[in-house]
Amino acid sequence: MVFSTSEEERVTHVSTVLSRLRANTLFAKEALRQFHQLKEPFTTAPILSHFNPSLPTIVETDASDYALGTVLSQVSDSGKHPIAFDSCKLIAAELNYEIHDKELLGIVWAPKRWRAFLLSLSSPFEVLTNHSSLQYFMTSKVLTCRQACWAEFLSEFHFSITYRPGRLATLPDALSRRDNVYPERGEDFISNNPMNFQQLIKQDEVQPSRWNPFQI
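Residue 1 is where the sequence shown starts when you use full-length UniProt numbering, and the numbers rise one by one after that.
As structure tokens, then:
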């Protein structure tokens with residue numbers, strides 16, 4: 001227990017106690033608890049796993065107005081684990097694509113990015129998209145020249161396309177909606193992406209969460 005007669009004296013006393021604890025490699029219980037709490041996310045799932053060609057594989061894709069995002073994952077006995085993440089900014093010509101073709105471009109770009117992995121699989125992989133009409137792309141008989149080229153490229157892979165609501169696509173959504181890919185920063189980005197995780201982080205920087213002041 002630290003007894004002090006004023007706030008200034010209390011700060012001085014507590015600082016002295018903590019300095020001596022650090023000097024002797026000792027930790028207060030609260031500081032030790034926070035240390036273990038910080039360490040836990042780095043040592044528990046979901047953590048990156050090594051690719052295994054024999055495991056069921058999932059490719060998640062998403063496209064925003066200005067970028068693509070993809071996540072490669074596999075399912076094992078312990079659950080779903082990410083293998084790799086990637087994103088890229090759309091070039092000038094791709095910015096003019098309709099939303100259907102932008103989402104389709106994400107499905108084409110992901111196998112290009114993970115080609116070596118996906119061609120080595122022993123079973124078909126699953127592509128998750130939030131654009132329902134893309135489920136039938138590989139069987140469609142009416143395609144533009146660009147779409148026909150994409151279909152020819154995708155024909156060398158064994159996969160199925162599954163629709164998933166956009167609200168469940170948090171990982172690829174975050175990758176395709178980085179604020180640094182938007183041509184106009186600030187209000188333009190916020191109005192289009194009100195719940196983007198980077199905006200939530202910035203809000204917390206302005207109004208930080210309240211933490212216990214007793215920590216080393």
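Quick reminder that beta carbons are idealized off the backbone N, C-alpha and C, glycines included.
The structure displayed is predicted, hence computed values, not measured ones.
{"Asked": "Locate the alpha helix (DSSP H) running through Lys89, then write down its first and last residues.", "Found": "Counting along the chain, Lys89 falls outside any alpha helix (DSSP H), though it belongs to the beta strand (DSSP E) covering 79-89."}
{"Asked": "Per DSSP, what kind of secondary structure is Tyr97 in: helix, strand or coil?", "Found": "coil"}
{"Asked": "Thinking Ala59 and Trp114 are a contact (beta carbons under 8 Å), I'd like their distance in whole angstroms, please.", "Found": "One detail in the question is off: residue 59 reads as Val in this sequence, not Ala. About 7 Å separates the two Cβ atoms, so the contact holds."}
{"Asked": "Run through DSSP, which three-state label would Leu175 get?", "Found": "helix"}
{"Asked": "Quick one: Cα of Thr139 to Cα of Cys145, how far?", "Found": "15 Å"}
{"Asked": "Provide the residue span of the alpha helix (DSSP H) that contains Ala116, from first to last.", "Found": "115-119"}
{"Asked": "What does DSSP give as the partner residues of Ile58 in its beta bridges?", "Found": "Ser73, Glu126"}
{"Asked": "With distance defined between alpha-carbon atoms, name the residue in Val142, Glu152, Ser123 nearest to Gln74.", "Found": "Ser123"}
{"Asked": "Which class does Ala148 belong to by DSSP, given the choice of helix, strand or coil?", "Found": "helix"}
{"Asked": "Between which residues of its own chain and Lys80 is the CB-CB distance below 6 Å, once the five residues before and five after are set aside?", "Found": "Ser73"}
{"Asked": "If you follow the beta strand (DSSP E) that Thr16 is part of, which residue opens it and which one closes it?", "Found": "Premise fails: Thr16 lies in the alpha helix (DSSP H), 7-23, not in any beta strand (DSSP E)."}
{"Asked": "Report the CB separation of Phe125 from Leu119 in whole angstroms; it is logged as a contact under 8 Å.", "Found": "Not really, about 10 Å apart at Cβ, beyond 8 Å."}
{"Asked": "Just curious, the beta strand (DSSP E) that Phe159 is in, first and last residue?", "Found": "159-163"}
{"Asked": "I think Leu128 touches Thr162, with their Cβ atoms under 8 Å apart; what is that distance to the nearest whole Å?", "Found": "6 Å"}
{"Asked": "Are there three or more Cβ pairs, one per stretch, closer than 8 Å when the stretch 150-161 is compared with the stretch 45-55?", "Found": "no"}
{"Asked": "Across which residues does DSSP place Ala63 in a beta bridge pair?", "Found": "Leu68"}
{"Asked": "Applying the criterion that 16 or more other CB atoms from any shown protein chain within 10 Å of the CB defines a buried residue, is Lys102 buried or exposed?", "Found": "buried"}
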